[in-house]
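So the structure is just underneath, and the comments pick up after that.
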Amino acid sequence: MKAKVHVTLKNGVLDPQGKAIGNALSGLGFTGVDDVRQGKYIELDLAEKDPAKARESVEAMCRQLLANTVIENYAIELVG
Amino acid sequence: MKAKVHVTLKNGVLDPQGKAIGNALSGLGFTGVDDVRQGKYIELDLAEKDPAKARESVEAMCRQLLANTVIENYAIELVG
Amino acid sequence: MKSAIVVFPGINRERDMALALKAASGKAATLVWHRDSALPDVDLVVLPGGFSYGDYLRAGAMAAQSPIMRAVKDHAARGGRVLAVCNGFQMATEAGLLPGALMRNAGLKFICRNVHLKVANASSDFTGHYQAGQVLSVPVAHHDGNYFADQATLDRLEQEDRVAFRYCDAEGRVDDDTNLNGSRRNIAGILSEDRNVLGLMPHPEDATDPQLGGTDGRGLFTSIVEALS
Amino acid sequence: MSARPADLMGLTEAEYDNAVEILGRHPNQVELGIFSVMWSEHCSYKSSKKWLKQLPTKAPWVIKGPGENAGVIDIGDGLAAIFKMESHNHPSFIEPYQGAATGVGGILRDVFTMGARPVANLNALRFGSPDHPKTRHLVAGVVAGIGGYGNCVGVPTVGGEVNFHPAYNGNILVNAMTVGIAPADRIFYSAAAGVGNPVVYVGSKTGRDGIHGATMASAEFSDDAEEKRPTVQVGDPFTEKLLIEACLELMQTDYIVAIQDMGAAGLTSSSFEMASKGGVGIILDLDQVPARETGMTPYELMLSESQERMLMVLKPGREAAAEAIFRKWELDFAVIGHLTDTGRMQLRMHGEIVGDLPIDPLALASPEYDRPWVPTPPPAPLDRGHIAAPVDLGEALVRMMGSPDIASRRWIWEQYDHLVGGDTAQRPGGDAAVVRVPDAGGKALAMTTDCTPRYCKADPVQGGRQAVAEAWRNLTAVGARPLAITDNMNFGNPQRPEIMGQFVGCVEGMREACLALDFPVVSGNVSLYNETNGTGILPTPAIGGVGVLDDVTRMATIAFKATGDRIVVLGEATGHLGQSLALRELCGREEGPPPPVDLAIERQTGDLVRKLIADGHVTACHDVADGGLVVALAEMALAGKLGAEVGLPKGDASPFALLFGEEQARYIITVASRYESAILAAAAAAGVPAAVLGQVGGDKLTVTGQLSVALATLARAHEDWLPGYMSAPAAA
Ligand SMILES: Nc1ncnc2c1ncn2[C@@H]1O[C@H](COP(=O)(O)OP(=O)(O)O)[C@@H](O)[C@H]1O
Ligand SMILES: [Mg+2]
Chain P
1 MKAKVHVTLK NGVLDPQGKA IGNALSGLGF TGVDDVRQGK YIELDLAEKD
51 PAKARESVEA MCRQLLANTV IENYAIELVG
Chain A
1001 MKAKVHVTLK NGVLDPQGKA IGNALSGLGF TGVDDVRQGK YIELDLAEKD
1051 PAKARESVEA MCRQLLANTV IENYAIELVG
Chain V
2001 MKSAIVVFPG INRERDMALA LKAASGKAAT LVWHRDSALP DVDLVVLPGG
2051 FSYGDYLRAG AMAAQSPIMR AVKDHAARGG RVLAVCNGFQ MATEAGLLPG
2101 ALMRNAGLKF ICRNVHLKVA NASSDFTGHY QAGQVLSVPV AHHDGNYFAD
2151 QATLDRLEQE DRVAFRYCDA EGRVDDDTNL NGSRRNIAGI LSEDRNVLGL
2201 MPHPEDATDP QLGGTDGRGL FTSIVEALS
Chain X
3001 MSARPADLMG LTEAEYDNAV EILGRHPNQV ELGIFSVMWS EHCSYKSSKK
3051 WLKQLPTKAP WVIKGPGENA GVIDIGDGLA AIFKMESHNH PSFIEPYQGA
3101 ATGVGGILRD VFTMGARPVA NLNALRFGSP DHPKTRHLVA GVVAGIGGYG
3151 NCVGVPTVGG EVNFHPAYNG NILVNAMTVG IAPADRIFYS AAAGVGNPVV
3201 YVGSKTGRDG IHGATMASAE FSDDAEEKRP TVQVGDPFTE KLLIEACLEL
3251 MQTDYIVAIQ DMGAAGLTSS SFEMASKGGV GIILDLDQVP ARETGMTPYE
3301 LMLSESQERM LMVLKPGREA AAEAIFRKWE LDFAVIGHLT DTGRMQLRMH
3351 GEIVGDLPID PLALASPEYD RPWVPTPPPA PLDRGHIAAP VDLGEALVRM
3401 MGSPDIASRR WIWEQYDHLV GGDTAQRPGG DAAVVRVPDA GGKALAMTTD
3451 CTPRYCKADP VQGGRQAVAE AWRNLTAVGA RPLAITDNMN FGNPQRPEIM
3501 GQFVGCVEGM REACLALDFP VVSGNVSLYN ETNGTGILPT PAIGGVGVLD
3551 DVTRMATIAF KATGDRIVVL GEATGHLGQS LALRELCGRE EGPPPPVDLA
3601 IERQTGDLVR KLIADGHVTA CHDVADGGLV VALAEMALAG KLGAEVGLPK
3651 GDASPFALLF GEEQARYIIT VASRYESAIL AAAAAAGVPA AVLGQVGGDK
3701 LTVTGQLSVA LATLARAHED WLPGYMSAPA AA
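Protein chains in written order, with this note's numbering: chain P, 1 to 80; chain A, 1001 to 1080; chain V, 2001 to 2229; chain X, 3001 to 3732.
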């Protein structure tokens, strides 16, 4: 079973990377990009077959390590 | 219109981030994590309303800036 | 004063720190390995600079989960002093020893240079040797030093006089132009509620030897040594 | 493979025939791959060997010259400095961040393999024209990559050099240098010994990355190079840090017989070199090689250039104790074979022999070419009458200070942690970096990288001399005793006689300078085929120099120190504008012969400068280089935030030529006024021309009757160019 985790900055937390990408895009002549946010995307291959258990375990991983909940949100998606 | 871009390392390219996360998770006692890969997740708010045009423009952004196509793949998803 | 420096495998400023502690206290610090689960009996624990476990996910994130960190937290909870510099500061926030988080520098680049710091709190065990408002020149060397906390936390830090240092210029001006890395309210270092933990991004340990370009960091070490002996 | 393959993997027909003769049959795929990388330019030095042999490599303080992973010199007190420079040009052009990062990783390994703790990194960089659409992206990526790796590993990056020239548009140069320190009696070498001894693999796992990087580094680029996209290697500096600590810990024991990093051509070249140096055979059990991916073939395992790996031969019975150290540092450790007395490299996988090659015949038969070469024709003399000197010399100075090759590199070195370790006594921005030797009283190492490619292009012999002399001068200018150099020979396609002629000329000039200055070559690297579509780079023999300061408190810096200090120029002014930066930047001309380097004068002047600094009378010192006298004065003023008022030096040339000419073997020193006469007397006694030019003070740089510019104006020009350039919007 595979878990796809998206870690994104919370609203209200300034995103320097996103802002830099936005500037670079407009420097390259791309217009009409109103906002850019950058986050992390983590794919985990899990031995666990049971979706409920897998989710629970990935939740714990997110809280303990994958996201810093002071500034970040996370979202978990299970596949396969 | 919103574009969600996933940038991931090509197969065979070493992923030190993923490797480090995998090690840390097992150090924390999470078992059964066979593999971890880390990528980037970028959200763009676009003024463009036409999906075809939006995709074309995001494709160009990926090739020119968002992804390093020597070692990374990208995937684009349009929403709204 | 008895001190210990926690050594994570990717730490790289333990030597700089050991030299500064030795010079200030006359005693060599004990080095403690990250896999150990207990600390020796010391007055001060230092979380030094570097890249604890590579810092590929978030700086300090993995170190915050290491076995030794539990012992460091216990030490702090008992009122023991903790000095957390650079990567150590990142670990301390990740571990919840200090509030807030350290994000990528606003300019996105690693910055290594001497910066000016304004002493905001000159009454803690770590800063007693400085004057409030004094301007110091101390090096920084970091990629993720952009201090973030929500408004309420920032207000509280200020009300409780827990901001230790702010980025400024040679004249002590604190504003957006003198904000090195995008930190909220130019914050370079903060104290814990009980003032027994100091976290800061700059490297006072690299400003203790005239041969290496300045001694403005010495005051911090003198302060701790005096407070703890 | 029982017949001649269509793809000879880069071997020539003749080389292939030789391989068949050595084997007595056609090679199979893995064997052919091994021949190909072992005989590639990168690993065999087949075009350059003949000439490199002419470089002086000996001195009483040289412990180990070229031939090992890095050069070793004695720095006294039972300590040795170990250093080398290496190129990562092609990978950095294809993927600047990872290319540069893995370049740093590779050179670090060359140094700690020998038992040294790395204490400093330097980098010599050449980029294309600032106007070229790729340049900005390449600068940004290379600098971030060098910093990203070095900062994380915790080795300070303390110096380097950067040039911009259109000749590098399609072939940038990224040369990285590492300096380390080891106990002089505990140096580790790579010659394998002891039949039966275990061959051990440590570090990261092997993946399919960088296969055939060594042959890529030996081929020319064409326009479709970017399309080929060879698998790029990604660096893992954290693992490198672990590897450094684990290796140095193991080196405290006496378990190691031989050790060698896996660099270009990975397992192949490391195992061949160890076996061939030790005159033994080796059997490798490829099933034991830690692999990152499944189903890897012998070919892939032998040729992968995955990073952060080392090969060792251990004493028998020490495997478990050694393994414990590597496990402590969370690194892979595997016994992958043992030494034999067969003189052959035998590869075993899945119970079968998958490759079997004789070691010595392959290593000894590695091709050595005496490629045809033609000397570079001497450049036409510059007709001084035809140089339109800028009318406003003040404006000229401002433009020079803000020109790409002179502008401050602060934007670069501030991205490098140049302080970690707590021993950096002289930070980037001066003539040479100075790093204290840990726990050795006041002893310190000085280091620098230098080369003036436009001189080498115009006159390779003078250029070769000048590169060595400038490194020697930069070490001297901080007060250090120059000891030895490493070099990185970056050239175009050696199959073109003109290019080979540049190589031969540069080597000749280097040889002369090394001999005259007692400054031997102890290690180096060659990078050829730096060409795109038949256009080569400027010949660039980058020199990395190392010297020692016995007492770091006597170190000199370029900054003016005190108002009233006398400014003394040592050396003669002739107003040599040929190949000068001023001629190029202000008059748009790259012409004439470069300034001649008189090695006897060079030596005499440098020896005097060093003595004056050691005597403690010199308050600041700077050599005169790119941009000439007035640029050197401006650099000293900016560093010290103090102006100066000087007169024109004596000489029968125009003020423009006297101020911006680039004659060699010159230094500017400052002294307190009370020492003025003593200094002049010392210079006279040494036979070195010396003149008091003026004195320090004020907030302007003034050359009486010629120019007067506010320091603030100079500072803006000098500091703003690079950050301004880098923050301009990227070209599409
Ligand atoms: N790529 C670089 N990395 C670090 N430091 C650099 C780099 N390029 C130049 N520097 C530093 O900038 C200063 C000026 O360089 P350069 O003009 O080449 O000096 P010099 O003319 O004395 O050889 C030196 O201190 C040098 O080490
Ligand atoms: Mg110089």
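We put the beta carbon where it would ideally sit given N, CA and C, even for glycine. Because the structure is a prediction, the values reported are computed rather than measured.
**OP:** List the residues of chain A whose Cβ lies closer than 7 Å to the Cβ of residue 35 of chain P, in chain order.
**Re:** The answer, in chain order, is 1045.
Subject >> Helix, strand or coil at residue 3630 of chain X [DSSP, three-state] >> reply: Three-state DSSP puts residue 3630 of chain X in a helix.
**OP:** Please classify residue 2161 of chain V: does DSSP put it in a helix, a strand, or coil?
**Re:** In the structure shown, residue 2161 of chain V sits in coil (DSSP, three-state: anything other than H, G, I, E or B).
Original post:
Does the beta-carbon distance from residue 3409 of chain X to residue 3162 of chain X come in below 8 Å?
Top reply: Cβ distance < 8 Å, so residue 3409 of chain X and residue 3162 of chain X count as in contact.
Subject >> With 16 other Cβ atoms within 10 Å as the buried cut-off, status of residue 3327 of chain X >> reply: Burial state of residue 3327 of chain X is exposed, judged by a 10 Å Cβ sphere holding fewer than 16 other Cβ atoms.
**OP:** Could you list which residues in chain A have their beta carbon closer than 7 Å to that of residue 24 of chain P, in chain order?
**Re:** From the beta-carbon of residue 24 of chain P, the residues of chain A found nearer than 7 Å are 1065.
Original post:
Where does residue 3016 of chain X sit, in a helix, a strand or coil, going by DSSP?
Top reply: Correct three-state label for residue 3016 of chain X: helix.
Original post:
Tell me the DSSP bridge mates of residue 2033 of chain V?
Top reply: DSSP, once it has assigned bridges, lists V/2007 as partnering residue 2033 of chain V.
Original post:
What is the rounded straight-line gap between the Cα of residue 1058 of chain A and the Cα of residue 3235 of chain X?
Top reply: Looking at the two C-alpha atoms, the distance is approximately 29 Å.
Subject >> Segment contact, 8 Å Cβ cut-off, at least three pairs: the stretch 3270 to 3281 of chain X with the stretch 3337 to 3346 of chain X >> reply: The stretch 3270 to 3281 of chain X is in contact with the stretch 3337 to 3346 of chain X.
Subject >> Residue span of the beta strand (DSSP E) that contains residue 3371 of chain X, given as start and end >> reply: For residue 3371 of chain X, there is no enclosing beta strand (DSSP E), as DSSP marks it with neither H nor E.
Original post:
What did DSSP end up calling residue 3435 of chain X once you bin it into helix, strand or coil?
Top reply: Under the three-state reduction of DSSP, residue 3435 of chain X is assigned to strand.
**OP:** Between the Cα of residue 2096 of chain V and those of V/2046, V/2123 and V/2064, spot the shortest distance and give me the residue it belongs to.
**Re:** Measuring from the Cα of residue 2096 of chain V, the nearest candidate turns out to be V/2064.
Subject >> Pairwise C-alpha distance: residue 3291 of chain X and residue 3017 of chain X >> reply: Roughly 33 Å separates the two Cα atoms.
Original post:
Which one or two residues does DSSP pair with residue 3176 of chain X in a beta bridge?
Top reply: DSSP, once it has assigned bridges, lists X/3086 and X/3123 as partnering residue 3176 of chain X.
**OP:** Can you give me, in chain order, the residues of the stretch 2042 to 2075 of chain V that have a beta carbon less than 7 Å from any beta carbon in chain A?
**Re:** Correct list: 2053, 2054, 2056, 2057, 2062 and 2065.
**OP:** Using a cut-off of 8 Å between C-beta atoms, extract the partners of residue 2110 of chain V located in chain P.
**Re:** Per Cβ cutoff of 8 Å: no residues; residue 2110 of chain V is ~13 Å from chain P at best.
Original post:
So which of X/3597, X/3577 and X/3540 has the shortest CA-CA distance to residue 3588 of chain X?
Top reply: It is X/3577.
**OP:** Report back the beta-carbon spacing between residue 3696 of chain X and residue 3565 of chain X to the nearest angstrom; my notes put them in contact at under 8 Å.
**Re:** Correct: roughly 4 Å between the Cβ atoms.
**OP:** Starting from the C-beta of residue 2226 of chain V, find all residues in its chain whose C-beta is less than 8 Å away, skip the five residues before and the five after it, and write them out in chain order.
**Re:** Excluding positions up to five away in sequence, the list reads 2128 and 2129.
Original post:
Near residue 2191 of chain V, which residues of its chain fall below 6 Å by C-beta distance, leaving aside the five closest residues on each side in sequence?
Top reply: Within the same chain, and ignoring the five residues on either side of residue 2191 of chain V in sequence, the residues whose Cβ sits closer than 6 Å to its Cβ are 2124, 2162, 2164 and 2198.
Subject >> Contact list for residue 2146 of chain V against chain P, beta-carbon separation under 9 Å >> reply: Chain P residues near residue 2146 of chain V: 14 and 16.
**OP:** Give me the Cα-Cα distance between residue 22 of chain P and residue 35 of chain P, rounded to the nearest whole angstrom.
**Re:** If I take the Cα positions, the gap works out to 7 Å.
Original post:
Got a sec, what are the start and stop residues for the beta strand (DSSP E) residue 1008 of chain A sits in?
Top reply: 1002 to 1009 is the extent of the beta strand (DSSP E) around residue 1008 of chain A.
Subject >> CB of residue 3176 of chain X within 8 Å of CB of residue 3123 of chain X, strictly >> reply: The answer is yes: Cβ separation under 8 Å.
Subject >> Close beta carbons around residue 3224 of chain X, own chain, < 8 Å, minus the five adjacent residues each side >> reply: Because residue 3224 of chain X carries a pLDDT of 45, less than 50, the predicted location of this residue cannot be relied on, and the following value inherits that uncertainty. None.
Original post:
So, helix, strand or coil for residue 1071 of chain A, using DSSP?
Top reply: Correct three-state label for residue 1071 of chain A: coil.
**OP:** Would you check if there are 3 or more beta carbon pairs closer than 8 Å linking the stretch 3457 to 3465 of chain X to the stretch 3506 to 3518 of chain X?
**Re:** Taking 8 Å as the limit for Cβ pairs, the verdict is that the stretch 3506 to 3518 of chain X does touch the stretch 3457 to 3465 of chain X.
Subject >> Identity of the residues DSSP links to residue 1966 of chain V by a beta bridge >> reply: No answer is possible for residue 1966 of chain V: the residues shown for chain V start at 2001 and end at 2229.
**OP:** Taking residue 3556 of chain X as the reference, give the member of X/3717, X/3427 and X/3062 with the closest Cα.
**Re:** The option with the nearest alpha carbon to residue 3556 of chain X is X/3427.
Original post:
Thinking C-beta only, is residue 2079 of chain V closer than 8 Å to residue 2196 of chain V?
Top reply: Less than 8 Å separates the beta-carbon of residue 2196 of chain V from that of residue 2079 of chain V.
Original post:
Once you ignore the five residues that flank residue 3732 of chain X on each side, which residues in its own chain have a CB closer than 7 Å to its CB?
Top reply: Reliability fails at residue 3732 of chain X, whose pLDDT of 38 lies under 50, so the model's placement of it is uncertain and no value is given.
Subject >> Candidates X/3663, X/3412, X/3081 and X/3454, of which the one nearest residue 3184 of chain X by Cα >> reply: Nearest option by C-alpha distance: X/3081.
Original post:
What is the DSSP secondary structure of residue 3485 of chain X, reduced to helix, strand or coil?
Top reply: Judged by DSSP in its simplified three-state form, residue 3485 of chain X adopts strand.
**OP:** Would you mind stating whether residue 3535 of chain X and residue 3651 of chain X have Cβ atoms separated by less than 8 Å?
**Re:** Contact flag unset, no.
Subject >> Member of P/44, P/15 and P/63 whose CA lies at the smallest distance from the CA of residue 1032 of chain A >> reply: Answer by Cα proximity: P/44.
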